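Read the structure below first, then the notes.
2 protein chains.
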Amino acid sequence: MVDNLDFKTFRRIVDVSMEDMCRDLFLGNRESIRIKKERVAVKNLVKIFDAALSISNEKGFSAMSLRELSAEAGLSMGALYTYFKSKDELLDMIQRQGRMLIMRVLLNQIEGIEDPKIKLKQAILVHLYLSEVMQSWFYFSYMETKNLAKDEHRKAIEAELFTEKIFIDILKDGQKKDIFRPVDMELAGAALKAMLQDWYLKRWKYARRKVTVEKYAAFLVDLIETYLNPS
Amino acid sequence: MVDNLDFKTFRRIVDVSMEDMCRDLFLGNRESIRIKKERVAVKNLVKIFDAALSISNEKGFSAMSLRELSAEAGLSMGALYTYFKSKDELLDMIQRQGRMLIMRVLLNQIEGIEDPKIKLKQAILVHLYLSEVMQSWFYFSYMETKNLAKDEHRKAIEAELFTEKIFIDILKDGQKKDIFRPVDMELAGAALKAMLQDWYLKRWKYARRKVTVEKYAAFLVDLIETYLNPS
DNA sequence: GTCTATACCAGGATAGAC
DNA sequence: GTCTATCCTGGTATAGAC
């Protein structure tokens, strides 16, 4: 039986940062990025991504002008365009890279757990902690999905359904093993997903009420377990 | 003891439509709207609002050009500007008018109910049914809140907290009367709100899975009642 | 690799004819 | 009340100097 994963431990064992994300991006797109030195490229990509998320989450990606982005990132317009070919491509890059990172961490942290109850809890904790560390990315991703080009839009929807399916599969497994009572697990999974998303979509609200991520996690686990307990 | 409000009945007894909303808007802003004939004004406002919601929900309000809006609404650019002074004002108008309508209906439909359990159910049903009828407005409102000017933005946040508080108050009342078990009602209210919002934010998902609003409502009531049942 | 200067176009907004 | 024609700002994108 594994102990509860707490937030501090999560941060220590899981390597997630803007820098990692940008390094992955650089290594995976060497051809299309005109800058060749890794140190320089990663440093600037971090500045660009940070600035883009910060401005976009304030006023929306399409309302962000590249002049603004250039000022906030501390790079000239010309320099920006050595990292991406168009504003739309920048949007795609941010979304794609974030999705990859999330999938990797989430799957990684729950694999090998057999007990559905423990696995469910672990998945909830990892999802919440991830969205706590990468809040600006999660918020951005949610809000800007509909502005993506068709192909990327489709992939974003698939990713959303895929993570939801991870939860639904755990729930169904638990039901088969008579650990959870028989309810509509598709709806339960959707509801769970909605509450997980609320954590990063309404961060201002929870911050104002001084709700920590661990308190929210405990509440969520309690709620879902109470609902699923055999009666 | 009241019977469950079903969706069909709701549609019959509650008068909500774009036209009503636009008539209210016209009557409340006679001075600032340059058109004087009610019939003409309301007809065109409906066309403008419908077009604006449809385009914005596809690609975002700030990405919608007024030329596009003018084409979709079937009015010239010049005509558009007799109904609002600027694109930003249009955004404010839509948001403000929708908020008023929702408050009116929601408060109206739950007032006078004493039993917390029945009142909670009624509030959930009314919220879901309202967002079903006005889905495009709810989606728009959620997605575009952050693009509002400072003052309207503040009001939108207040409205969000106000409706949440309606739920939290019912929950706390039930707890005081020992009908619900003692849990953190602020968190329960927030979670409930998140699931209510998911209904209009992820409509495509529920439509694809053929989940009706009444099925979703029943699920939500079951989930929250199970959680709150005294143990 | 990065900057400045500039091209070019689309956007919001309005004047004035009908 | 509505339309057409036009203004002008500010947007994305790039060329070419350093």
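Chains as they are written, first to last, in the numbering used here: chain B, 514 to 744; chain W, 514 to 744. Every residue, glycine too, gets a C-beta built ideally from N, C-alpha and C. Bear in mind the structure is a predicted one, so any value in this text is a computation, not a measurement.
Within the stretch 514-583 of chain W, the runs of alpha helix (DSSP H) at least 4 residues long that lie entirely inside it are, in chain order, 520-526, 531-541, 551-572. Glu657, Lys659, Asn660, Ile670, Glu673, Leu674: these are the residues of the stretch 657-676 of chain B whose beta carbon lies less than 9 Å from some beta carbon of chain W, given in chain order. Beyond the five residues adjoining it in sequence on each side, Met577 of chain B comes within less than 8 Å, by CB distance, of Ala565, Ile568, Ser569 in the same chain, given in chain order. Comparing alpha-carbon positions, the option among W:Lys572, W:Phe574, W:Glu627, W:Leu638 lying closest to Leu518 of chain W turns out to be W:Leu638. For Phe732 of chain W, the enclosing alpha helix (DSSP H) starts and ends at 726-741. Under the Cβ distance rule, Thr725 of chain W does not count among the residues neighbouring chain B, no pair being separated by less than 8 Å. Counting only residues of its own chain and dropping the five nearest sequence neighbours on each side, Phe574 of chain W has a CB closer than 7 Å to the CB of Leu604, Glu657, Asn660.
In terms of Cα proximity to Asn557 of chain W, the closest of W:Ala586, W:Arg524, W:Glu544, W:Glu581 is W:Ala586.
In the three-state scheme derived from DSSP, where H, G and I count as helix and E and B as strand, Ser599 of chain B is classed as coil. A distance below 8 Å between beta-carbons, with the five flanking residues on each side excluded, links Ala669 of chain W to the following residues of its chain, in chain order: Gln608, Arg612, Ser654, Thr658, Leu661.
Of all residues in the stretch 552-584 of chain W, only Asn570, Glu571, Lys572, Gly573, Phe574, Ser575, Ala576 place a beta-carbon less than 9 Å from a beta-carbon of chain B. For Lys718 of chain W, the closest alpha carbon among the candidates B:Met708, B:Val726, B:Ala703 is that of B:Ala703. For Leu684 of chain B, not one C-beta of chain W is nearer than 8 Å to its own C-beta. Think of a sphere of 8 Å around the beta carbon of Asp697 of chain B: the chain W residues whose beta carbon falls inside it are Phe732, in chain order. The Cβ-Cβ distance between Tyr642 of chain W and Phe523 of chain W falls below 8 Å.
Close partners of Leu736 of chain W in chain B (Cβ separation under 7 Å): Ala704, Tyr740. In this structure, DSSP gives Ser654 of chain W a helical state, which the three-state scheme calls helix.
DSSP, read as helix, strand or coil, puts Ser649 of chain B in helix. Residues Gly687, Leu741 of the same chain have their beta carbon placed closer than 6 Å to that of Phe693 of chain W, with the five preceding and five following residues left out of the count. Taking 8 Å as the cut-off, the beta carbon of Ala636 of chain B is found closer than this to the beta carbon of Ile679 of chain B. Sequence-distant Cβ neighbours of Ile737 of chain B in its own chain, meaning closer than 8 Å and more than five residues away, are Leu633, Ile637, Ala701, Leu705. When DSSP states are grouped into helix, strand and coil, Gly625 of chain W belongs to the coil group. Within chain W, the residues Ala707, Met708, Asp711 have their CB atoms less than 7 Å from the CB of Ala707 of chain B, given in chain order. Taking a C-beta distance under 8 Å as the contact criterion, Leu579 of chain W and Leu588 of chain W do not qualify as a contact pair.
At least one CB atom of chain W sits nearer than 8 Å to the CB of Leu700 of chain B. Neighbours of Arg722 of chain W across chain B, judged by C-beta separation under 9 Å: Glu699, Leu700, Ala703. DSSP places Arg716 of chain W within a helical segment (H, G or I) once states are collapsed to three. Sequence-distant Cβ neighbours of Pro743 of chain B in its own chain, meaning closer than 6 Å and more than five residues away, are Arg694. Between Lys663 of chain W and Leu619 of chain B, the alpha-carbon positions lie close to 37 Å from each other.
The DSSP-derived three-state label of Lys690 of chain W is coil. Separation of the CB atoms of Met698 of chain W and Leu709 of chain W is rounded to 16 Å, and the pair is thereby denied contact status at 8 Å.
Per DSSP, Ala592 of chain W is one residue of the alpha helix (DSSP H) stretching across 590-593. In terms of Cβ geometry, Val555 of chain B and Glu532 of chain B form a close pair [threshold 8 Å].
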